[in-house]
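Protein chains in written order, with the numbering used here: chain E, 1 to 318; chain D, 319 to 1218. Single-structure report; data block below.
Right, dumping it as structure tokens:
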């Protein structure tokens, strides 16, 4: 027996309160989120071997948010991004972007989704742009592929917004890596998507170029109101967004929220993610420090839950 | 996505594709034209060498009643019009309507004896037929006397009181006949023993052009025919020409008379393609003639004297024989053409793969950025089409520069290549970009094929083997001569090739595993790594195998067929001659002739023989007896494919030891009556005769050369079997005094006769051309396959080079990576090529090309095929090495980019 069984000091709801609660329609999980992943699973199956890239990932992103996703190599970041960009189909779970259910799309829906809802940027600068088209032509390409009119003005406007208007007539090999990535952002924005996804957009760039590219991303996010999801290793990026989601072993493990303090300095707070069934990933540093293995003891306190290593507590009587 | 832009960007790969498309289109459109041209050449050669009276249509009538007599040229012309208007169109189109063609009408008596002469100079056994030929005015010139005038009636003939009111014809003779038969101008001949008429010779003529095909119908008018009667005296025959007006007096009632209408056929208008319809039309025309003949009988009396119009031509026979030969040639050439087309299309497919691979990144990006499959396919296939179609059109256009008639395949072939190329590109792009995700994770494990695929492959193999079995047991469909090649014959090699390719792909890893296991135990790393790469490489795709395999199979098949043909032709020539040269005479060869022949340059030795017919015992049974020293004969043909039995062991005198044919085996000792009577003792059997010396296999007795001498006479010689080097038939003939009764034949002449038969050269040279083309394609296939995977390979190699792999080792690695594929495919191709003749054996009758000797077993001389396979493999490997050597010039830094 422990304290959990004797919640004497807690507010116990009365029966009528409970009934009222049950009668009240609770909003579904992430109902108003712009991007919703619920228990998302992606398994690569090739004869005999299964690679579980995403193992029940939960993620909620609000409209107009700019978030970074960080994680070690192989943690499932890129898989998540491929799923969100409609290039890959998840095995199970729920994935919804701007009201589109990514698991229930036909090939036609998927094409429309890629044309109208998302835009994306890859890590390799060379891979984002067709090497033999100029920046302007590259920006117009998605519009033309979607069968839209592709006014030059619109392309120039986007290039202008991202600060690479002077590159409009250059081909990728005549631009720096940073310029290429900013043009790539313009390409991603060409069809006015609701979401842009960037997979390590600064991965191949030096600090100065990285800053420029990230600034361009943030500008697009703020000025066009596009929801932006950036997968990154780059501390420079992850430290400048409002929210950083950490992924470990195919699950969201932590979230870092940043807010400006009264004094104007940025305060970052790291949170562990509690999923819908109450699972929590403890940071490895914490568990190592306290030598926690296999089992821990939990103690519900008035305003928190204590997690104790499975060892006799010093204050406990033997 | 603008295909033009893509084309400009990937112009290198596009140029490769364009070049291949052009060459394939040129080959597929040009080769059949060349083939057809040689078929036609062969046919025209045959027709031109054949006498016009065999190739032209001759409609003949032998009038027996007066109402069938035709009194003037107009009568002939009316019938001619009738024939011509009722000829089927296929025949009309091959008629010779050029001015001066040899169409004409003729009325000739036949077998008209000269009963005597009015006046002196009578000669016995002369026959002078009276004939009228239309259109002779321009074809003869009178060298003496004047042209015949109109006929008349002579009331009395001096010296022949029994002849009263006899018809008189003016006739003209060819000058040579007049001289030979002693009939000068002014002679009056009494023609016919009954209904005698007088033939008054008014003039002598000479043909303007004796070689004119017109005279081939009327040789009897310009050349005396000498016929030896059984009583050993010569009869002389000639046809004298007379005037048109004489027709009124020439009646079938009086004497044997022939009318004929010659409808000239233009041999150059008959081709390999319309030959079938000509044959069919001829049958139609024959039916028309029968109907016409039926209509002419209207009264009972006509039945008794019924004389039908008869169509007389050997054209059908000639064309049928030709088509039979042609069917084999066509089947063979079609077979190798199909092989070539498959390989060409395969290499084009590889080039398409190269181009689409190059475009892959752009198309994938476009697909990810919202291009539909349709858009991507349009861009990809459009680019391929832009590169290939103009090139195919150019090849098609260039093929018009080649000689030869245009057949449907000339149009269909390039069209098919264009369609297949574009469709393959579309299918490939659609498959690769069906899903927009670029990063496929099929690197995790090797893909294992599904049971469904295994079943499908098994089905193909079973079908191919079943087809081959059926073809062997059933042979070709009937009516091949008339309807062209049996499609089944074409399908079986294709199915066998696909089956062999599937089995190669399936079984490829097993021998390799053993080699890898061995290599892993050896010290050097390069073989192990290279072979391991080979075992795992994705470059082991079906395409290079599907290209290398048929190219080798067709080359090897060609070599086997060519080799077999060669051997059989030589065998046929040996069997025709029996030695390097042979001299025959019915009677005994004079000793001085033998001596002269012995001294002809090149003659090394001469074996004398005596051949004749002898009476067995005293009955009526005869046998061919050959007296020859078999040991000596065997020595001179020791290097020829002729088998000569050992001579019969000696027998107790006075018996002469002999080898007898099996049908005489029951006679142990018997007498024969030859030059002298001799007693023969059977001491052995001779089966199959002695080809080249004695063609009979039955009733044959071979005795020692001195058999007659042993029997108390002397030796005789009427046959010489000669061994020598570079024997010249003309010199041998000259040594024999150029006598007509001494026949000289040499091996070289016999061989030339066999090999020069039409189409043989075509078949052989086609095999050579196609083999070279296939070798080039095989080399290209390997090179393109390597270039397709070049980026991936150079990255892999560069990683290895950072670990200390030298450039030389890297090149070796590339060669080792591709070598197992080439070597194993070469082996499979070799086996398939060697198996094909056996599989197709009964389907293709090569005997027409081998001196009519049946080609039963194919010569499995392995040298040429193995050399071919090894050569092709070596060329392909050299290509791999070249690729590796060129590839190593690139710097490591340009391939390995840190951070990627």
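We put the CB at the ideal spot given by N, CA and C, even for glycine. What you are looking at is a predicted structure, and each value in this text was computed from that prediction instead of being measured.
Do residue 1099 of chain D and residue 865 of chain D count as a contact pair if the criterion is CB distance below 8 Å?
yes
Determine the chain E residues that contact residue 327 of chain D at a beta-carbon separation under 7 Å, and present them in chain order.
Neighbours of residue 327 of chain D on chain E, chain order: 132.
Taking all protein chains shown into account, decide if residue 301 of chain E is buried (16 or more other Cβ within 10 angstroms of its Cβ) or exposed.
exposed
DSSP has residue 44 of chain E in a bridge; who is on the other side?
E:51
For a contact defined as C-beta to C-beta under 9 Å, what are the partners of residue 853 of chain D on chain E?
None at all; the shortest Cβ gap to chain E is about 17 Å.
Would you report the Cα separation of residue 1053 of chain D and residue 915 of chain D, rounded to the nearest angstrom?
If you take the alpha carbons of residue 1053 of chain D and residue 915 of chain D, they lie about 5 Å apart.
List, in chain order, every chain B residue whose beta-carbon is nearer than 7 Å to that of residue 142 of chain E.
Of the chains in the structure shown, none is chain B; the protein chains are E and D.
May I ask you to report which of helix, strand or coil DSSP gives residue 1030 of chain D?
Under the three-state reduction of DSSP, residue 1030 of chain D is assigned to coil, being neither helix nor strand.
Just checking: is the beta-carbon of residue 127 of chain E within a distance shorter than 8 Å of some beta-carbon in chain D?
yes
Could you spell out the range, first to last residue, of the beta strand (DSSP E) harbouring residue 251 of chain E?
251 to 260
Chain E contact for residue 672 of chain D (CB, 8 Å cutoff):
no
Residue 66 of chain E: first and last residue of the uninterrupted beta strand (DSSP E) it sits in
From DSSP, the beta strand (DSSP E) with residue 66 of chain E extends over 66 to 71.
Would you please verify whether the beta carbon of residue 836 of chain D is less than 8 Å from any beta carbon of chain E?
no
Would a check of beta-carbon distances place residue 171 of chain E closer than 8 Å to chain D?
Not one chain D Cβ lies under 8 Å of residue 171 of chain E.
Where does the unbroken alpha helix (DSSP H) through residue 402 of chain D begin, and where does it stop?
391 to 404
CB residue 1154 of chain D to CB residue 658 of chain D, shorter than 8 Å?
no
Return the residue from the list D:814, D:541, D:544 that minimises the CA-CA distance to residue 1158 of chain D.
The residue with the shortest Cα to Cα distance from residue 1158 of chain D is D:814.
Taking a contact to mean a Cβ-Cβ separation below 8 Å, would you say residue 723 of chain D touches residue 1111 of chain D in this structure?
no
Three-pair Cβ contact test at 8 Å for the stretch 1054 to 1072 of chain D versus the stretch 921 to 936 of chain D:
no
Check the Cβ-Cβ distances between residue 146 of chain E and every residue of chain D, and say whether any is below 8 Å.
yes
For a contact defined as C-beta to C-beta under 8 Å, what are the partners of residue 114 of chain E on chain D?
Per Cβ cutoff of 8 Å: 686, 687, 688, 754.
If you reduce the DSSP assignment to three classes, tell me which class residue 1046 of chain D lands in.
coil
Taking C-beta to C-beta, are residue 97 of chain E and residue 35 of chain E nearer than 8 Å?
yes
Given residue 267 of chain D, which residues of its chain have a CB within under 6 Å of its CB, disregarding the five upstream and five downstream residues?
Given a span of 319 to 1218 for chain D in the structure shown, any question on residue 267 of chain D remains unanswerable.
Does chain D have any CB closer than 8 Å to the CB of residue 111 of chain E?
yes
Which chain E residues are close to residue 648 of chain D, counting only those with a beta carbon under 8 Å from its beta carbon?
Correct list: empty, because the minimum Cβ distance to chain E is about 48 Å.
Determine, for residue 867 of chain D, whether the minimum Cβ-Cβ distance to residues of chain E falls below 8 Å.
no
Rounded separation between residue 1088 of chain D and residue 1094 of chain D - CA only
10 Å
Per DSSP, which one or two residues make a beta bridge with residue 1063 of chain D?
Residue 1063 of chain D is bridged to D:900.
Shortest alpha-carbon distance to residue 772 of chain D belongs to which of D:788, D:817, D:597?
Nearest in C-alpha terms to residue 772 of chain D, of all of D:788, D:817, D:597, is D:817.
Going along the chain, which residues of its own chain have a beta-carbon closer than 7 Å to the beta-carbon of residue 163 of chain E, five neighbours each way excluded?
182, 216
For the beta strand (DSSP E) containing residue 266 of chain E, list its first residue and its last residue.
266 to 272
Check the Cβ of residue 693 of chain D against every Cβ in chain E and list those closer than 8 Å, keeping chain order.
Within 8 Å Cβ-Cβ: 145.
Mind listing the chain E neighbours of residue 323 of chain D? Cutoff is C-beta to C-beta under 7 Å, in chain order.
The answer, in chain order, is 132.
What first and last residue would you give for the beta strand (DSSP E) that runs through residue 491 of chain D?
From DSSP, the beta strand (DSSP E) with residue 491 of chain D extends over 478 to 492.
What are the residues that DSSP puts in a beta bridge with residue 362 of chain D?
Answer is none; residue 362 of chain D lacks a bridge partner.
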